[in-house]
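Reviewing the structure listed below.
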Amino acid sequence: MPFSPSLSLPSAAPPPEAALAGTRHIWAGEFEVGCGDTVLTALLGSCVGIGILWRRKRRAALAHCLLGEAPAHEANAGARYVSTALPAMLRALGARPDDYKELEVVAAGGASLFGKAQLPVTVGDKNIAALERGVQALGLRVVHQRLGGRQGCRITLRCRDLTFYIHDVGNKAAPGRR
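Using the numbering used here, the first residue of the sequence shown is number 9, and each one after it goes up by one.
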């Protein structure tokens with residue numbers, strides 16, 4: 009069957025905001041800070057998406073992290089690892105430890121897209137554990153999370169009004185932790 013723009017695929021359709029000209033797709037291992045009309049979005053499976061909203065400064069950051077903990081020789085690996093993404097994002101936002109109480113963290117991803125039959129701990133599980141350790145160590149406040157499960161998702165941050173959306177994509181298997 010040929011593609012039809014009128015064909016409705018609600019589970020795979022990006023939110024309407026993703027069609028805006030200021031949309032920035034955050035690819036695996038990257039992060040970006042945005043403000044104004046910028047929309048930050050990432051498509052996630054076992055990777056973890058970390059969003060930080062700073063309402064007073066009217067800016068946000070989104071990271072798309074591949075793995076949990078960085079090896080010692082990659083201490084400045086940016087967003088490739090959860091453990092290096094959080095400090096890098098905070099520096100890029102210009103946030104100091106006294107500002108951390110103002111920041112709101114949203115997180116998504118860490119799915120086990122291929123099930124857990126083969127491995128007792130999946131990449132997604134390791135990414136989630138690294139995220140939990142990182143936000144706790146930095147004293148950051150998680151206001152919403154959709155982590156785990158067996159389904160991919162898209163996380164979108166709208167910088168204009170500092171709202172976020174997390175939409176499921178792909179199969180309709182198990183729900184994530186909320």
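Heads up, the beta-carbon is just placed ideally off N, CA and C, and yes, glycines get one too.
From the options, residue whose alpha carbon lies closest to that of residue i
i, options, result
"Ala100", "Asp133, Phe122, Leu75, Leu70", "Leu70"
"Val143", "Gly37, Thr49, Ile60, Cys55", "Ile60"
"Ala93", "Ala78, Pro105, Asp106", "Ala78"
"His72", "Glu112, Gly178, Asn135", "Asn135"
"Asp133", "Thr46, Gly53, Phe39", "Gly53"
"Val56", "Phe122, Arg32, Ala36", "Ala36"
"Phe39", "Ala83, Gly30, Leu98, Gly118", "Leu98"
Residue i versus residue j - alpha carbon distance
i, j, result
"Phe172", "Leu148", "17 Å"
"Arg66", "Ala138", "27 Å"
"Trp62", "Gly42", "11 Å"
"Gly160", "Glu140", "19 Å"
"Asp169", "Ala80", "38 Å"
"Ala116", "Asp176", "10 Å"
"Ala145", "Gly178", "33 Å"
"Arg32", "Thr46", "7 Å"
"Ile174", "Gln153", "9 Å"
"Arg64", "Phe122", "41 Å"
Check whether residue i and residue j have beta carbons under 9 Å apart
i, j, result
"Ala87", "Ala96", "yes"
"Val151", "Val90", "no"
"Gly76", "Ser120", "no"
"Ile58", "Leu48", "no"
"Ala192", "Leu155", "Nothing can be reported for residue 192, as the shown portion of the chain is limited to 9 through 186."
Contacts around residue i, its chain only, beta-carbon distance under 8 Å, and the 5 residues preceding and following it disregarded
i, result
"Met9", "Residue confidence is low: Met9 scores 36 on pLDDT, short of 50, so the model does not pin down where it sits. Its coordinate-derived value is still stated next. Within the same chain, Met9 has no close Cβ partners at all."
Beta-carbon proximity list for residue i, same chain, < 6 Å, skipping 5 on both sides
i, result
"Ala85", "Ala78, Thr92"
Cβ-Cβ separation, residue j to residue i (assumed contact under 8 Å), whole Å
i, j, result
"Arg162", "Leu51", "5 Å"
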